[in-house]
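>
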Amino acid sequence: MLLNRENLPKITNQVDQEHLSSPKRPTRVLLFGTGVLLRALPAFCIEEANRSGTFNGGIVMVKSTQTGSIEPFLKQDGLYTLCTAGIQNNKETTTQQIITCVNDILDANSSWNTILEHAQNKQINIIISNTTEKGIVDVEDDLFAFPPKSFPGKLTSYLYARFQHLGATDESKAIVLPTELIDDNAVKLAQIVRKLATGHSLPTAFIQWLDTHVYFCNTLVDRIVPGAITLEESSYTDKLAIAAEPYFLWAIESKDNYVQQELSFIGSSPYTFILPSIASVREIKLRILNGAHTLTAAAALLAQHRFVKDSLMDSNYERFINRLIHQEIRPSLEAKGIQHNDIKLFSESIIDRLKNPFIEHQWNSIAQNYHAKIKSRVLPLLSYWYAFQEQAPQYISFGFTAYLFLMKTHIHLLEDKSLADEFKNLNFDKIEELLSNKTIWGTDLMIWPSWAPAIKQHLQQLETVSIHQIMQRL
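What follows is the structure, encoded as structure tokens:
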């Protein structure tokens with residue numbers, strides 16, 4: 001039995017049954033994208049808010065790329081199952097939930113006229129996108145094509161259709177929430193939209209309307225979504241079922257009352273919020289989650305661990321990550337002025353997330369672009385740390401040294417081959433020369449007197465003692 005609205009009343013298994021018989025809600029949200037992140041986070045939040053009564057709205061989903069088909073979505077009337085599986089409070093948890101808030105699915109390449117008609121609907125005032133990092137790009141485009149080829153082009157065309165029909169009225173207001181994983185995603189998107197509008201000589205009144213009636217809000221999202229799954233022991237068939245971890249985060253940057261009022265599906269969970277600035281949230285995620293991954297990857301790969309969950313089954317690695325986060329990364333962030341409670345909310349879920357036995361997160365994937373990640377995720381931590389400490393951070397320095405040692409012994413992992421000789425010839429006597437090389441690090445790491453001695457000590461251990469013995473002692 002295929003999952004669709006006709007079959008909903010017949011579905012009887014462990015899936016949450018609440019509200020499954022409710023009629024379609026008025027369409028209020030347009031999603032650019034049909035991917036798993038949009039379905040596991042924004043659509044999930046809207047579903048939860050609909051059920052709690054804090055929001056009352058459905059979604060029209062737009063497939064904006066050339067690849068794939070919307071046929072499975074149409075056959076299932078937009079319904080799909082979200083399965084969450086992971087660790088919460090150190091206990092395994094699994095749930096299944098049918099998401100019912102998708103009212104329609106359209107293909108931009110064949111239904112652009114219909115999409116532009118939706119732009120005229122004053123109720124559809126929330127636009128959410130996830131077109132990957134490559135989606136928010138400044139390319140030449142034809143706004144009058146059916147459709148424009150780029151996502152910013154499609155969005156500009158859509159907004160222009162809204163302006164033409166509704167004018168500069170309160171009813172024409174719109175909120176744009178890009179969830180693409182780039183810094184200042186809304187700022188960059190808005191700049192491209194304005195450039196396209198100007199380049200196509202669209203009316204000055206429209207460009208002014210973009211500034212006064214369209215709220216481009218930076219966002220930060222975080223949820224591990226492994227992707228499509230096959231439901232087992234289920235009474236129905238779902239070709240769109242997806243899996244996700246229990247944890248999720250959606251931070252939206254805005255100071256406007258209108259945004260607060262309209263996005264009532266935000267705030268029903270402690271992990272969704274609207275803030276005047278999301279810079280601190282971005283910093284916390286980058287340093288704690290991404291930083292911990294980066295600083296543990298080399299030691300895990302040296303121990304031949306394949307998946308993150310494998311390392312977390314080893315008490316030595318769990319202890320290392322805990323101490324790294326709570327003894328060094330958290331104090332560094334607090335020294336930078338980030339609020340303790342904000343850090344605590346994020347950091348307390350990290351071990352549960354990394355332990356998730358249902359997610360196969362490969363260390364090799366985390367180690368891609370390793371040198372760039374060390375520079376962007378780890379080196380700023382050093383400046384935070386040394387602002388209030390003189391001695392080297394033990395766990396950060398070990399993670400950094402393990403990276404150097406891994407690059408020396410596994411030179412094929414080094415993405416920048418111009419650095420190959422520097423790492424291949426690394427030895428105890430050349431540490432100072434390497435650390436002071438601004439070309440490699442973008443800064444002189446010798447400005448902190450205790451840093452080089454710590455690296456030398458760890459390097460000597462790595463060259464003489466097994467990684468397993470070192471991790472036992474740390």
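At position 282 of the sequence shown (counting the first as 1) the number is 282 in UniProt numbering, and the numbers step up by one without a gap. Every residue gets a Cβ at the ideal spot worked out from N, C-alpha and C, and that includes glycine.
Nearest CA to the CA of LEU263: which residue from GLU432, TRP209, VAL29?
The option with the nearest alpha carbon to LEU263 is VAL29.
> Roughly how many whole angstroms lie between the Cα atoms of GLN14 and CYS83?
Its pLDDT being 48, under 50, GLN14 is placed unreliably by the model, and nothing is read from it.
> Compute the Euclidean distance between the alpha carbons of LYS91 and ASP104, then round it to the nearest angstrom.
Approximately 37 angstroms between the Cα atoms of the pair.
> Tell me the residue span of the beta strand (DSSP E) that contains PRO178.
Taken as a continuous stretch (DSSP letters only), the beta strand (DSSP E) holding PRO178 covers 174 to 178.
> Have a look at THR401 and ARG5 and give me their C-alpha separation to the nearest angstrom.
Approximately 56 angstroms, taken between the alpha carbons.
> Whose C-beta lies closer than 8 angstroms to the C-beta of LEU37 among residues of the same chain, with five residues either side of it excluded?
Excluding residues within five positions, the ones whose Cβ falls inside 8 angstroms are ASN130, THR179, VAL221, ARG223, VAL225.
> Between GLN260 and ILE274, how many whole angstroms is the CB-CB distance? I'm expecting something under 8 angstroms.
The pair is a contact, with the Cβ atoms about 6 angstroms apart (cut-off 8 angstroms).
> Give me, in chain order, the residues of the same chain whose beta-carbon lies closer than 6 angstroms to that of residue 478; leave out the 5 immediate sequence neighbours on both sides.
What is shown of the chain runs 1 to 474, which leaves residue 478 out entirely.
> Check whether the Cβ atoms of ALA49 and PHE265 lie closer than 7 angstroms to each other.
Yes, they are a contact pair.
> Who are the near neighbours of LYS375 in its chain, counting only those whose CB is closer than 8 angstroms to its CB and skipping five residues on each side?
Contacts found: TRP441, GLY442.
> Please report the distance separating the alpha-carbon of PHE144 from that of THR156.
Roughly 10 angstroms between the two C-alpha positions.
> Would you mind stating whether THR34 and LYS75 have Cβ atoms separated by less than 7 angstroms?
No, these two residues do not count as a Cβ contact at 7 angstroms.
> Among SER172, GLN96, GLU415, whose alpha-carbon lies nearest the alpha-carbon of ALA243?
Measuring from the Cα of ALA243, the nearest candidate turns out to be GLN96.
> For a quick check, are the C-beta atoms of GLY347 and ILE366 less than 7 angstroms apart?
It should be pointed out that residue 347 corresponds to Ser in this sequence rather than to Gly. No; because the gap between Cβ atoms is not below 7 angstroms, this pair is not in contact.
> Which residues in the same chain have their Cβ closer than 8 angstroms to the Cβ of ALA420, if we skip the five residues on either side of it in sequence?
Taken in chain order, the residues that qualify are ILE411, LEU414.
> Rounded to whole angstroms, how far is the Cβ of ASN364 from the Cβ of MET471, which I believe are closer than 8 angstroms?
In fact, because the Cβ distance is near 19 angstroms, the residues do not count as touching under 8 angstroms.
> Could you give the residue range of the beta strand (DSSP E) that holds ARG384?
Note that residue 384 is Tyr in the sequence shown, not Arg. Per DSSP, TYR384 belongs to no beta strand (DSSP E); it is in the alpha helix (DSSP H), 379 to 386.
> Can you name, in chain order, every residue of its own chain whose Cβ lies under 6 angstroms from the Cβ of TYR386, other than the five neighbours on each side?
Only TRP448 meet the Cβ criterion.
> Roughly how far, in whole angstroms, is the beta-carbon of ILE455 from the beta-carbon of ALA299, given that I think they are within contact range, below 8 angstroms?
Actually they do not touch by this definition, with Cβ atoms about 15 angstroms apart.
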